[in-house]
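Notes follow once the structure below has been shown.
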Amino acid sequence: MRTIGELLAKWRAHDREVAKRREALVRHPDVAAFLAAHPEVPDAAIDRSLATLAQFVREQENCRRCPGLESCPNMMKGHVTELVLHGERIVPALKPCSLYAAEERRRQQQARFRSHHIPADVRAARFTENTIFDQYNREAIAAAIRFCQRFQPGESPMGLYFYGPFGVGKSHLMAALANELAAMGYDSLMVYVPLFLQEMRDAVKDGTFSAKLEEVCAVPVLILDDIGAETPSPWARDEVLGVVLHHRVAHNRPTLYTSNLSYDELEEALAAVGGTAADRTKAKRIMERIRHYTEAYFLDGPNRRKRNKETGRPA
Numbered sequence: 001m002r003t004i005g006e007l008l009a010k011w012r013a014h015d016r017e018v019a020k021r022r023e024a025l026v027r028h029p030d031v032a033a034f035l036a037a038h039p040e041v042p043d044a045a046i047d048r049s050l051a052t053l054a055q056f057v058r059e060q061e062n063c064r065r066c067p068g069l070e071s072c073p074n075m076m077k078g079h080v081t082e083l084v085l086h087g088e089r090i091v092p093a094l095k096p097c098s099l100y101a102a103e104e105r106r107r108q109q110q111a112r113f114r115s116h117h118i119p120a121d122v123r124a125a126r127f128t129e130n131t132i133f134d135q136y137n138r139e140a141i142a143a144a145i146r147f148c149q150r151f152q153p154g155e156s157p158m159g160l161y162f163y164g165p166f167g168v169g170k171s172h173l174m175a176a177l178a179n180e181l182a183a184m185g186y187d188s189l190m191v192y193v194p195l196f197l198q199e200m201r202d203a204v205k206d207g208t209f210s211a212k213l214e215e216v217c218a219v220p221v222l223i224l225d226d227i228g229a230e231t232p233s234p235w236a237r238d239e240v241l242g243v244v245l246h247h248r249v250a251h252n253r254p255t256l257y258t259s260n261l262s263y264d265e266l267e268e269a270l271a272a273v274g275g276t277a278a279d280r281t282k283a284k285r286i287m288e289r290i291r292h293y294t295e296a297y298f299l300d301g302p303n304r305r306k307r308n309k310e311t312g313r314p315a
């Protein structure tokens with residue numbers, strides 16, 4: 001058993017250690033700046049807040065030597081402890097750092113641009129200097145930028161129709177448009193039409209058809225990628241495409257398209273589903289909603305997929 005003298009000596013040593021630690025903390029530039037800004041802080045408040053001050057100093061130093069968001073050593077990743085005076089108490093407050101805030105903005109922007117069966121390299125497309133100064137498709141690029149500048153949800157059903165041969169950048173340009181809208185705070189959905197129509201057929205069986213139809217009808221901007229790539233069934237043409245386009249026009253929601261086919265060629269493809277006079281009428285009805293509510297731009301140039309495959313770069 002320890003003697004009273006030994007216990008007193010241990011307590012005195014502890015008190016000296018606490019005093020030494022306190023002195024180091026209050027002299028730290030960040031703590032000193034806080035105390036200078038709040039001269040009313042009593043010594044007792046400092047004594048009660050040594051753990052908070054230590055965490056504050058430690059995290060400020062961590063941020064000065066920031067190893068990146070993924071390796072953040074702070075108590076809460078991407079946040080730093082700040083000091084707040086609450087009455088006569090010093091309390092910690094967590095504040096997101098600039099890297100965390102930037103990552104949150106990126107996530108939110110990514111969430112605004114939804115897609116189904118769109119390749120990752122297409123989804124990542126942006127309006128860059130190379131895009132804007134593309135010598136082959138300046139009118140289409142200008143139209144895409146103009147659409148973003150003018151877009152207001154629910155104001156107009158007018159969209160864009162980009163058509164042309166394979167690999168000239170139609171889908172990339174539409175994805176760049178969608179990413180620009182996302183950066184502006186607007187939601188969009190881009191779907192690869194052949195697989196989308198297949199999904200809608202499967203959705204009838206699993207009971208999710210209505211929910212999926214509502215998704216494409218309600219999104220502020222819908223991009224139908226590669227329409228006409230496969231001939232749809234009469235049901236897909238009439239009960240999916242026809243219903244979606246009617247609903248979107250009625251609610252002033254623009255629909256944008258990419259295709260290898262011109263307006264006339266797409267109408268022929270939609271009419272060929274059944275080949276009857278009724279099919280031609282139904283195809284014409286759908287095309288009226290596409291022709292009247294889009295501006296068409298022909299895209300041309302070298303096949304970027306082939307060129308990028310040869311150079312080893314993503315298409």
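Heads up: the sequence shown is residues 1 to 315, going by full-length UniProt numbering.
C-beta atoms are modelled at their ideal positions from N, C-alpha and C, and glycine is treated no differently.
Bear in mind that the values here come from a model prediction, so they are computed numbers and not experimental data.
Could you pull out every unbroken alpha helix (DSSP H) segment of at least 4 residues lying fully inside the stretch 261-302, listed in chain order?
-> 263-271, 277-292
Quick one: what does DSSP say Leu69 is sitting in, helix, strand or coil?
-> coil
Cβ neighbours of Tyr192 in the same chain (closer than 7 Å, five flanking residues each side left out) = His116, His117, Ile118, Asp225, Asp226
Taking the alpha helix (DSSP H) that His247 falls in, what are its first and last residues?
-> 242-250
Please work out which residues of its chain come closer than 6 Å, Cβ to Cβ, to residue 324, disregarding the five sequence neighbours upstream and downstream, and give them in chain order.
-> The displayed coordinates of the chain run from 1 to 315. Any statement about residue 324 would go beyond what the structure contains.
Cβ-based burial, Ser259 [other Cβ within 10 Å; buried from 16] | Taking a 10 Å sphere around the C-beta of Ser259, we find 16 or more other C-beta atoms and assign the residue as buried.
How many Å lie between Asp121 and Tyr257 at the Cα?
-> C-alpha separation (whole angstroms): 19 Å.
Can you check whether the CB of Tyr163 is closer than 8 Å to the CB of Gly301?
-> no
Let me know if Asp264 comes out buried or exposed under the rule of 16 or more other beta-carbons within 10 Å of its beta-carbon.
-> exposed
How many angstroms separate the CA atom of His172 from the CA atom of Ala125?
-> 6 Å
Between the C-alpha atoms of Leu270 and Gly228, what's the straight-line distance to the nearest angstrom?
-> 8 Å
The ligand SAM heavy atoms versus the CB of Ser259: any closer than 7 Å?
-> You won't find the ligand SAM in this model; it holds no ligand whatsoever.
Are the beta-carbon atoms of Leu160 and Phe147 separated by less than 8 Å?
-> yes
Thinking C-beta only, is Val216 closer than 8 Å to Ser188?
-> no
Start and end residues, beta strand (DSSP E) containing Arg114 = 113-116
Phe147, DSSP secondary structure in three states = Of the three classes helix, strand and coil, the one that applies to Phe147 here is helix, per DSSP.
CA nearest to the CA of Ile223, picked from Pro254, Ala211, Val204, Asn303 | Pro254
Is the beta carbon of Val31 sitting closer than 8 Å to the one on Val57?
-> Against a cut-off of 8 Å, the Cβ pair of Val57 and Val31 comes out as a contact.
Where does Pro42 sit, in a helix, a strand or coil, going by DSSP?
-> coil
Who does Glu82 pair with in a DSSP beta bridge?
-> Ala93
What's the C-alpha gap between Leu299 and Ala143?
-> Rounded to the nearest whole angstrom, the C-alpha separation of Leu299 and Ala143 is 12 Å.
For Ser188, which beta-bridge partners are listed by DSSP?
-> Phe113, Val221
Tell me, which residues are paired with Tyr136 by DSSP?
-> According to DSSP, Tyr136 bridges with nothing at all.
Three-way DSSP call (helix, strand, coil) for Glu310 in this model = Confidence is the limiting factor: at Glu310 the pLDDT is only 46, short of 50, which leaves the residue's position unreliable and the question unanswerable from this model.
Option in Gly274, Asn62, Ala36, Ala19 with minimal Cα separation from residue 316 = No answer is possible for residue 316: the residues shown for the chain start at 1 and end at 315.
Could you give the residue range of the alpha helix (DSSP H) that holds Thr52?
-> 50-64
Classification of Leu94 by the beta-carbon crowding that lies within 10 angstroms, buried from 16 upward = exposed
Note down, in chain order, each residue of its chain lying with its Cβ closer than 6 Å to the Cβ of Ser49, except the 5 sequence neighbours on either side.
-> Ile90
How should Val243 be labelled, buried or exposed, when 16 other C-beta atoms within 10 angstroms of its C-beta is the threshold for buried?
-> Classification for Val243: exposed.
Three-state class that DSSP yields for Ser171 in the structure shown = helix
So Val249 packs on Tyr293, CB below 8 Å; how close in whole Å?
-> 6 Å
Report buried or exposed for Ala283, applying the criterion of at least 16 other Cβ atoms within 10 angstroms of its Cβ.
-> buried
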